[in-house]
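For the record, the sequence lines run as chains F and C. Take 0 as the starting number for the first sequence in numbering that gives the first Met the number 0 and just add one per residue. Take 0 as the starting number for the second sequence in numbering that gives the first Met the number 0 and just add one per residue. By construction, the Cβ of each residue, glycine as well, lies at the ideal position given by its N, Cα and C atoms.
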Amino acid sequence: MGTTVSAMKEITVFGRGGQGTVVAAEILAEAYFHEGFYTQSFPSFGVERRGAPVTAFLRVDKEFIYLRSMIYKAHTGLILSPDVVNSPTFKPSLVGNATLVINSGRRLPEIPEYKCHYVDATGIALELGLGSKAQPLVNTAMLGAFARVCGDLSLENVLKAVENKVPLNVEKNVSAVKKAYKTVARIE
Amino acid sequence: MKKVVSGNEATSLAVKLSRAQVISAYPITPQTTISEKLSEICGSGELDARFVKVESEHSAMATLIGASSTGVRTFTATSAQGLALMHELLFWASGARLPIVMVDVNRAMAAPWTIWCDQTDSVAQRDTGWMQFYCWSNQEILDSVICSFKIAEKSSIPCMICYDGFFISHTNEPIDIPEQKQIDKFLPPRKAEYFLDIDNPQTFSGGTLPNYFMEIRYKLHDAFEKAQGVINDVYDGYNKLTGRSYEPIEPYYIDDADRVLITSGSAASTVFHTVNKMRKSGEKVGMLRIRQLRPFPEKELLYYIKPNIKYGALDRNLSPGTGGVFSQEIRSVLNRNGNGNRIHEFIAGLGGRDITTNNIEEIFKRIGNVEPDGINWVGLLK
Numbered sequence: 000m001g002t003t004v005s006a007m008k009e010i011t012v013f014g015r016g017g018q019g020t021v022v023a024a025e026i027l028a029e030a031y032f033h034e035g036f037y038t039q040s041f042p043s044f045g046v047e048r049r050g051a052p053v054t055a056f057l058r059v060d061k062e063f064i065y066l067r068s069m070i071y072k073a074h075t076g077l078i079l080s081p082d083v084v085n086s087p088t089f090k091p092s093l094v095g096n097a098t099l100v101i102n103s104g105r106r107l108p109e110i111p112e113y114k115c116h117y118v119d120a121t122g123i124a125l126e127l128g129l130g131s132k133a134q135p136l137v138n139t140a141m142l143g144a145f146a147r148v149c150g151d152l153s154l155e156n157v158l159k160a161v162e163n164k165v166p167l168n169v170e171k172n173v174s175a176v177k178k179a180y181k182t183v184a185r186i187e
Numbered sequence: 000m001k002k003v004v005s006g007n008e009a010t011s012l013a014v015k016l017s018r019a020q021v022i023s024a025y026p027i028t029p030q031t032t033i034s035e036k037l038s039e040i041c042g043s044g045e046l047d048a049r050f051v052k053v054e055s056e057h058s059a060m061a062t063l064i065g066a067s068s069t070g071v072r073t074f075t076a077t078s079a080q081g082l083a084l085m086h087e088l089l090f091w092a093s094g095a096r097l098p099i100v101m102v103d104v105n106r107a108m109a110a111p112w113t114i115w116c117d118q119t120d121s122v123a124q125r126d127t128g129w130m131q132f133y134c135w136s137n138q139e140i141l142d143s144v145i146c147s148f149k150i151a152e153k154s155s156i157p158c159m160i161c162y163d164g165f166f167i168s169h170t171n172e173p174i175d176i177p178e179q180k181q182i183d184k185f186l187p188p189r190k191a192e193y194f195l196d197i198d199n200p201q202t203f204s205g206g207t208l209p210n211y212f213m214e215i216r217y218k219l220h221d222a223f224e225k226a227q228g229v230i231n232d233v234y235d236g237y238n239k240l241t242g243r244s245y246e247p248i249e250p251y252y253i254d255d256a257d258r259v260l261i262t263s264g265s266a267a268s269t270v271f272h273t274v275n276k277m278r279k280s281g282e283k284v285g286m287l288r289i290r291q292l293r294p295f296p297e298k299e300l301l302y303y304i305k306p307n308i309k310y311g312a313l314d315r316n317l318s319p320g321t322g323g324v325f326s327q328e329i330r331s332v333l334n335r336n337g338n339g340n341r342i343h344e345f346i347a348g349l350g351g352r353d354i355t356t357n358n359i360e361e362i363f364k365r366i367g368n369v370e371p372d373g374i375n376w377v378g379l380l381k
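Rendered as structure tokens:
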């Protein structure tokens, strides 16, 4: 019943209320579960309001995960709202060489120390009509980009989890995943 | 079937599998997603039960007292101030020997206002005559809710299933969900011996003179003394069905341990993770997980407490001026039985403060290095 501490992967999703941050972590948890992993996802236990910063956490391991504290040093970050990188709490919440998937059409100069991958999830969501113009739902596009970048999760299992967990506009969300999977780019 | 679900979804699934017949609840964070889901499946007909909307938790419990008195299977869920508002009726439910099952999603008591986790809400209901079980995983929630209906109905004592708000209620993890037909066999419909019946009018729990009241209380106490046998039988049966079982106190790595930490709830899960980690660097640490506050597993605790081992107890709850409630119970058992072991007492994680592996390593260090010296607060801001 031992836990392989070193093999456990910790992922933090950074967003703002209304972007689908918590649901993104839940979908990823299910996708990793389909992939054969044990998973644990949970919100940052804050009071959720539209527009307020929200974080959600995900742990992935080959064995059942007993650790139930919050994530303090994530290996991977999904950045749904790029302005969070300017928050004083952002960098301390990641390991030094973290892999990041960022919703941005342009490179962010503030974070040269991380392995950054960019995808225009807002553009994809607007194009497909996910959410409203003022508040596009970018979470599923971000998951498509993540599937391409992470190396241990297949696109098929992300799509399966999206189909199971997304309550509305399943086809549009599936398109968002596929489109982001194709267009995500690693930029030094 | 394996599925990724939250702690609160595990509750709703268990209530559905148990075919509860009357459900009444009032929304309160972090319990709300339970009553939302149950109201949805009662509305859709997926569960053939009556969901009674009420204006308060006090009314939710009153509704279930009425419903349970007619012989049907009943369920509610609440948290914190909601549970406190039920306080008066909790005594009524146990005194009337009604097998009501309730989930309390542990949340700290205000003031100051808070929605976050600690166990002070449920431990404060310790003396109301309800059984109390504390869970550490979503799987255990599902299993405990199903088993509690059977335990409550066999012993005529209401059951409260407690688990930590957010740290478990809002955490998604894979669980194994039994088939409906398996549970139908394990948990047939409730058969009440005495119940309100318009064809056979009777009065229950009416005014009682001093010549009988004490005997009625003695019978409730006696039922609690016998309850552990009922609990063990029910889990044996459940184990045969699903391969899963739970002990009132679960030991982890205690055989060669020099330091053992006793705790409950989600903290036990993080302690177990930390014990695994410390064992890898050769430290002889272990854990006892307590999953019942009532009936308190006195014999089981004494069985595990050995001389020459140093013990600590970690409480995520507080009785101000006295300390943690599980610690008090442990002290009381040791004292009553002339056991000379003294325990280190720790308070941590109140009002949602995280309990980390660093906190737990610090606790084990203290247990090893100093003599027990009253209550230690872990993770307090300097």
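### Message
Assuming H33/F and N156/F are in contact, meaning their beta carbons sit under 8 Å apart, how far apart are those beta carbons, in whole angstroms?
### Response
4 Å
### alpha helix (DSSP H) runs wholly inside the segment 120 to 159 of chain F, at least 4 long, in chain order
120 to 127, 138 to 149
### Nonlocal neighbours in the same chain, by C-beta distance under 6 Å from E126/F, ignoring five residues either side
none
### Query
Counting pairs of beta carbons, one from the segment 54 to 74 of chain F and one from the segment 261 to 271 of chain C, are three or more of them closer than 8 Å?
yes
### Query
What's the C-alpha gap between R49/C and I22/C?
6 Å
### Query
Excluding the five sequence neighbours on either side, which residues of its own chain have a C-beta within less than 6 Å of the C-beta of D119/F, listed in chain order?
G104
### Entirely enclosed alpha helix (DSSP H) segments - the segment 160 to 192 of chain C, minimum 4 residues
179 to 185
### Message
Any beta carbon of chain C sitting closer than 8 Å to that of A28/F?
### Response
yes
### Cβ-Cβ distance between L88/C and S68/C below 8 Å
no
### Query
F32/F by DSSP, collapsed to three states: which one?
helix
### Query
DSSP beta-bridge partners for E344/C?
A312/C, I374/C
### Task
Could you tell me which of K132/F, T38/F, R185/F, A179/F sits nearest to G17/F, measuring between CA atoms?
K132/F
### Query
Considering only the beta carbon of each residue, do Y162/C and G348/C sit closer than 8 Å?
no
### Beta-carbon proximity check, G323/C vs L317/C, cutoff 8 Å
yes
### Query
Using the beta-carbon of each residue, which ones in chain C are nearer than 8 Å to Q39/F?
T170, N171, E172
### Distance between R330/C and D126/C (C-alpha atoms, nearest Å)
17 Å
### Query
So what's E246/C in DSSP terms, helix, strand or just coil?
coil
### Query
When the distance is taken between beta carbons, is Q227/C closer than 8 Å to F294/C?
First, the amino acid is wrong: residue 294/C is Pro here, not Phe. Yes, the pair counts as a contact, with Cβ atoms nearer than the cut-off.
### Task
Kindly provide the ranges of any beta strand (DSSP E) runs that are 3 or more residues long and lie completely inside the segment 28 to 98 of chain C, ordered along the chain.
49 to 52, 73 to 77
#### Entry: is_contact[S68/F, chain C] using C-beta, thresh 8 Å
yes
### Query
Cβ atoms of E25/F and K164/F: under 8 Å apart, would you say?
yes
#### Entry: CB contact check: Y117/F to chain C, cutoff 8 Å
no
### Query
When you compare each of F345/C, C116/C, R258/C, I374/C to S78/C by their alpha carbons, which one comes out closest?
C116/C
### Query
Excluding five sequence neighbours on each side, which residues of the same chain lie with their C-beta closer than 6 Å to the C-beta of S168/C?
G6, N7, P29, V104
#### Entry: Cβ-based burial, G464/C [other Cβ within 10 Å; buried from 16]
Here chain C comprises residues numbered 0 to 381, so residue 464/C is not present and cannot be evaluated.
### Query
When the Cα atoms are used, what is the spatial distance from A97/F to I354/C?
24 Å
#### Entry: 7 Å CB neighbourhood of A6/F in its chain, flanking five on each side removed
D60, K61
### Task
Going by DSSP, name the residue or residues bridged to G285/C.
V259/C
### Message
Across the segment 357 to 377 of chain C and the segment 275 to 295 of chain C, are there enough close Cβ pairs to call them in contact, namely three or more that are closer than 8 Å?
### Response
yes
### Query
Rounded to a whole number of angstroms, what is the C-alpha to C-alpha distance between E297/C and T62/C?
34 Å
### Task
Just mark Y217/C as buried or exposed, buried being the case when its beta carbon has 16 or more other beta carbons within 10 Å.
exposed
### Query
Taking Cβ positions only, does S204/C come closer than 8 Å to chain F?
no
### Task
Could you tell me which residues DSSP pairs with C116/C in its beta bridges?
Answer is none; C116/C lacks a bridge partner.
### Span of the beta strand (DSSP E), counted from its first residue to its last, around S245/F
A question about residue 245/F goes unanswered here, because the residues of chain F that appear run from 0 up to 187.
### Rounded straight-line distance, which links the Cα of S263/C to that of I253/C
16 Å
### Burial state of A183/C (16 or more Cβ within 10 Å)
Inspection of the sequence shows that residue 183/C is occupied by Asp rather than by Ala. With fewer than 16 other Cβ atoms within 10 Å, it is exposed.
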